[in-house]
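Residue numbering for the sequence shown follows this note's numbering, beginning at 13 and increasing consecutively. Idealized CB from N, CA, C, for every residue including glycine. Let me begin by presenting the structure, written as structure tokens, before commenting on it.
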Amino acid sequence: MESEQQMSKQLREFQEHLKKSKKIVALVGAGLSVSSGLPTFRGSQGLWKNFNMIDLATPDAFYIDPGLVWQFYSWRRVSALKARPNRGHLALSKLSNLSSNRDNGKKVDYITITQNVDGLSSRSNHCKDNLYEIHGSLFNLKCTSFMCNYVDRNNFKHPLTKALADTEDEYEKKNRKRTLEEIEQQDLSISPQFKPVVQLTESDLPQCPVCKDGSLLRPGVVWFGESLPLNVITKIDNFIESETPVDLVLVIGTSGTVYPANSYVDRIKLKGGKVAIFNTDIEEDILQGKVKDTWGFRGDAAELLPVALEPLIGEI
Ligand code: BJW
């Protein structure tokens, strides 16, 4: 285990570099939302009703059993709405607002690239102009028909259909969009994790209101094998590849196993940027300062980020 001394040496060096950094990227993964009560994908947390979450996040899974996949995403939507942004989200939100508020003397060019679809960064008062949700959002719905480009954004309704309500732990009688506050106040004491999966037919699931043939709606997230939103990827590419190189990339709560998110770190490093990792699981070599231009902080990102970023963002 890293010694206190090693940790504070890393923190001192990191903060020196942070204070000098003019251009910063944060790459965020599921670990950031753990202390808000949401599970990660991989490892022991990545199970839903005995299904591997990764196996459900694929076009094939939806094609084979849309009812199963919709039950999974219905649970994810409720869990995310019940969760609140934590101090790690707030720290990044403060960093994001440094770049939009240039009167405070701290000029930082900054973007958050989040792989999370839970909406917690957006709900933490993060500046909207520099937040990129590259894997989409649980609260966007889109039509499955190639011929239709219907998208319903920021849909916080629960349940989306009566049948999906029956698979969850509560049933909203009024079929209307509800406010975030209403959803946060509801009693969710019985976890739907423990209710069995039920067999649903397509008519039980959300349907496109535009398509005449009643095509299914699907969650507006990016599954394996699918392209990421091109406009978002282009903006990130422009930020990373512009003439001024990125000084620092914060790699927060991600296993770094998924492309293209994981490629950003190497691209930034290649252009001279330094790396700071915030994760509960970090290689020993990094913790011991043996990996060039890389700092590692082991622990809960929600606790580590406010401390590490304090020289720029002040106290939270
Ligand atoms: C803490 C903590 C705490 C815990 N504090 N830390 C071969 C065949 C087919 C495709 C490919 C292939 N090779 C490469 C590909 C491309 C593929 C890919 O990368 N596959 C790899 C798995 C091999 N990528 C894609 O398909 C992407 N599209 C694409 O590339 O298009 C072009 C293309 C197409 C086809 C072929 C080739 C190119 C799309 C990727 C979409 C990923 N989608 C998901 C689901 C999103 C919707 C949803 O949420 O349901 O995104 S999968 C899942 O993984 C989700 C996550 O955003 C993503 C990353 O996971 P993350 O966030 O890193 O979570 P974990 O669980 O992995 O890690 C958590 C970390 O937190 C751990 O390190 C913990 O230690 C840590 N932690 N508590 C701090 N308190």
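Val-258 counts as buried, since at least 16 other C-beta atoms from the protein chains shown sit within 10 angstroms of its C-beta. Taking each of Lys-34, Trp-307, Lys-106 in turn and checking the Cα distance to Leu-23, the smallest one comes out for Trp-307. For Ser-149, the enclosing beta strand (DSSP E) starts and ends at 148-155. Here Lys-35 carries a strand assignment [DSSP, helix/strand/coil]. Three or more pairs of CB atoms, one per stretch, sit closer than 8 Å, so the segment 26-41 contacts the segment 246-263. Boundaries of the alpha helix (DSSP H) harbouring Pro-323: 322-325, taken from the DSSP string. Distances from the CA of Lys-32 to each of Pro-97, Asp-67, Val-120 were compared; the closest alpha carbon is that of Val-120. Of the candidates Asp-225, Ala-314, Ala-73, the residue whose Cα lies closest to the Cα of Cys-160 is Asp-225. The beta carbon of Trp-235 sits closer than 6 Å to those of Ala-69, Thr-70, Pro-71, all from its chain and outside the five residues before and after it, given in chain order. Only residues of its own chain outside the window of five on either side were considered, and among them Pro-51 have a CB closer than 7 Å to the CB of Gln-57, listed in chain order.
Straight-line measurement puts the Cα of His-138 at about 24 Å from the Cα of Thr-256. Taking the C-beta atoms as reference points, Asp-305 is found no nearer than 8 Å to Val-319.
With contacts defined by Cβ atoms closer than 8 Å, Ser-45 and Asp-130 form a contacting pair. Using a cutoff of 7 Å, the CB of Pro-272 counts as near the ligand BJW, since one of the ligand's heavy atoms is closer than that. For the pair Leu-150 and Arg-230, the CB atoms are not nearer than the 8 Å cut-off. DSSP, reduced to helix, strand and coil, places Gln-127 outside both helices and strands of the structure shown, so it counts as coil. Between the alpha carbons of Leu-107 and Ile-123 lies a gap of roughly 9 Å. In the three-state reduction of the DSSP assignment, Asp-67 falls in the helix class, which pools H, G and I.
Contact annotation: Leu-299 and Ala-103 have beta-carbon atoms that are not nearer than 8 Å.
A heavy atom of the ligand BJW is found nearer than 7 Å to the CB of Ile-66.
In terms of Cβ geometry, Leu-132 and His-101 form a close pair [threshold 8 Å].
Considering only Ile-280, Pro-272, Lys-302, Ala-313, the residue with the shortest C-alpha distance to Thr-292 is Ala-313.
In this structure, Trp-60 has its CB at a distance of at least 7 Å from all heavy atoms of the ligand BJW.
At a threshold of 7 Å, Gln-127 counts as near the ligand BJW, since its beta carbon sits closer than that to one of the ligand's heavy atoms.
Judged by the Cβ position, His-147 qualifies as a neighbour of the ligand BJW at the 7 Å threshold, a heavy atom of the ligand being closer than this. With contacts defined as CB atoms closer than 8 Å, Gln-219 and Leu-212 fail to qualify as a contacting pair. When Pro-221, Ile-146, Leu-30, Gly-55 are compared, the shortest CA-CA separation from Ser-157 is found for Pro-221.
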